[in-house]
Each structure stands twice: as C-alpha cells, then as structure tokens.
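Q: So the sequence shown is numbered by my numbering: it starts at 66 and just counts up by one.
Where is the CB? At the ideal position from N, CA and C, for every residue including glycine.
Quantities reported herein were computed from a predicted structural model and do not represent experimental measurements.
Below is the structure I would like to discuss, written out as structure tokens.
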Amino acid sequence: MTNEHKSVLKDVKNINKPVSKPVIITNNFEDDSIKDNFNDLEYSYENKEVESRNNEYFLKDVKDLEYLYSKIDEYNLKEDKNLVSNNLVSNNSLLNSKDNQIELEFNILKNTHEKTLSTKGKIYRFIYDEIYKIEQKYINQISELEGKMNILSKENEQLRIDLKKLEIECSDIKNNIKNRESKEFQTYKLQINEYVKSWKESAKQAMLEYVNKRKRF
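Right under this line is the structure:
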C-alpha cells in the first residue's frame with residue numbers, strides 16, 4: 066500500500082461517516098471473492114448511516130478498505146478506457162503497468178473524497194466558528210454578570226456592615242433614652258415629693274393660724 070493510499074485512508078477515518086461511494090475499477094478480477102468484497106463495500110457506502118467515527122460498522126468498512134487495497138497490489142486490473150478518458154489520463158502507457166493502474170484507481174478514489182472532505186471541512190469550519198462566536202458571546206456575558214455580581218456582593222457586604230452599625234446606634238439611642246427618662250423621672254418624682262411636702266407644710270400652717278383665730282373669738 067502506498068503512502069498516498071494510507072493518507073486517504075486516514076482522511077476517510079477522520080470523517081464522521083462515508084459520504085460518497087468510492088470509485089474503484091472492479092472489472093475482470095482474477096478472484097471473484099475480491100470482486101464480491103468490493104461490491105459489499107460499495108453497498109455499505111450507499112446504505113449504511115454512520116453516526117460517529119467510533120461506530121463499529123464504519124470502522125469495519127475502513128478495515129475492509131485497507132484489506133482491499135492490499136489485495137489490489139496482488140492483482141493486475143485490466144484496462145477501463147472510459148474511466149481513464151473521463152479522468153483526463155492521456156498517456157495510454159500508464160495502463161501497461163500494474164503499479165500505474167493501481168495509482169490511477171487510487172487517484173480516482175482520492176479525487177472522489179477530496180471534494181467531499183473539502184466541502185465538509187468548510188461546513189465544519191463554519192459551524193465551529195459560529196459555535197466559537199456563540200461561546201465567546203456567552204462567556205463575555207457570564208464574565209460581565211460575574212463582575213456585576215462581585216460588585217453587588219461587595220455593596221451587599223457594605224450594607225450589612227452599615228446595618229450592623231445602625232443597629233448598634235439604635236440600641237445606644239434606646240439605652241440613652243431609657244437612662245435619660247429614668248433620670249428625668251427620678252428628678253420629677255423628687256420635685257413632686259418636695260412640692261407635696263411643701264404644700265402639706267403650708268396647709269398645716271394655714272390650719273394652725275385658723276385655729277388660733279377661732280380661739281380668740
């Protein structure tokens with residue numbers, strides 16, 4: 066198997082599913098079993114839906130393709146003039162060599178896949194770019210929201226501290242009012258007691274004066 070064969074096999078393994086039927090000359094195989102294997106492979110490319118590169122069916126097809134490439138090296142494929150003409154091969158001497166014939170087959174297969182891989186590559190690149198843009202958009206939004214959340218957290222913490230201070234101040238004011246009221250009440254009580262005592266003394270003195278006046282008459 067040539068290095069170019071291996072390169073295409075690597076490309077085939079790297080795509081999610083086979084998207085087109087490989088074009089392979091299958092005329093006049095010396096061994097019918099090899100032709101049957103090619104037909105089975107063509108059928109699998111037309112009918113199997115492969116969901117991921119780890120799918121066991123797809124991996125089996127790749128292994129079959131490797132096997133068939135190795136078998137191609139053992140057989141001399143006969144001339145297919147129409148296929149050669151369609152692929153712009155002008156030198157008929159290429160068909161006289163087994164290696165050149167296999168090289169032709171491989172180039173056809175490679176060209177078949179190259180367009181597909183190129184198209185899929187562009188599609189994947191576009192999808193990944195769009196996904197990256199969306200991810201960056203939401204990452205930026207998340208970062209912005211996290212920044213705002215940090216600011217709000219700091220403000221909230223400051224409000225908690227201020228609230229604690231206000232609670233302490235309120236408690237101090239209540240205690241001060243209570244103490245002041247208590248002192249004022251005691252002062253007022255003393256003043257009342259003094260007033261009552263003074264009033265009693267005045268009343269007693271007035272009563273004595275009244276009694277003394279009555280005694281004179």
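Compute the Euclidean distance between the alpha carbons of I204 and R190, then round it to the nearest angstrom.
A: Stepping through the sequence shown from its first residue, residue 204 is reached at position 139. Stepping through the sequence shown from its first residue, residue 190 is reached at position 125. For I204 and R190, the distance between alpha carbons rounds to 20 Å.
Q: Among the residues of its own chain, which have a CB less than 8 Å from the CB of Y275, if the five just before and after it don't count?
A: On the sequence shown, position 210 is the one that residue 275 refers to. So the list is empty, once near-sequence residues are dropped.
Q: Give every residue of the same chain whose Cβ lies closer than 6 Å to the Cβ of E266, excluding the five residues on either side of it in the sequence, and list them in chain order.
A: Locating residue 266 in the sequence shown gives position 201, counting from the first residue. Around E266: no qualifying Cβ.
Q: Let me confirm a value: E211 is counted as buried when at least 16 other C-beta atoms fall within 10 Å, else exposed. Which label applies?
A: Walking along the sequence shown from the start, residue 211 turns up at place 146. It is exposed - the Cβ of E211 has fewer than 16 other Cβ atoms within 10 Å.
Q: If you drop the 5 nearest sequence neighbours on each side, which residues of the same chain put their C-beta closer than 7 Å to that of L255?
A: On the sequence shown, position 190 is the one that residue 255 refers to. Closer than 7 Å at the Cβ level, and outside the excluded window around L255, lies no residue.
Q: Can you grab the Cα-Cα spacing for the pair L169 / I199, in whole Å?
A: The residue labelled residue 169 in the question sits at position 104 within the sequence shown. The residue labelled residue 199 in the question sits at position 134 within the sequence shown. One C-alpha to the other measures close to 45 Å.
Q: Let me confirm a value: K269 is counted as buried when at least 16 other C-beta atoms fall within 10 Å, else exposed. Which label applies?
A: Here residue 269 refers to the residue found at position 204 when the sequence shown is read from its first residue. Exposed, by the Cβ-count rule.
Q: Quick check: the Cα distance between M272 and Y253, rounded to an integer number of angstroms?
A: By 1-based counting over the sequence shown, the position of residue 272 is 207. By 1-based counting over the sequence shown, the position of residue 253 is 188. Cα-Cα distance, rounded: 28 Å.
Q: Applying the criterion that 16 or more other CB atoms from any shown protein chain within 10 Å of the CB defines a buried residue, is I226 buried or exposed?
A: For the purposes of this step, residue 226 is identified with residue 161 of the sequence shown, where counting begins at 1. Flag for I226 reads exposed.
Q: Determine the burial state of Q201: buried for a count of at least 16 other Cβ atoms within 10 Å of its Cβ, exposed for fewer.
A: Here residue 201 is taken as the residue at index 136 of the sequence shown, counted from 1. So Q201 counts as exposed.
Q: Could you tell me the alpha carbon to alpha carbon distance between S218 and I196, rounded to whole angstroms?
A: The sequence position of residue 218 within the sequence shown is 153, counting from 1. The sequence position of residue 196 within the sequence shown is 131, counting from 1. So the alpha carbons of these two residues sit roughly 32 Å apart.
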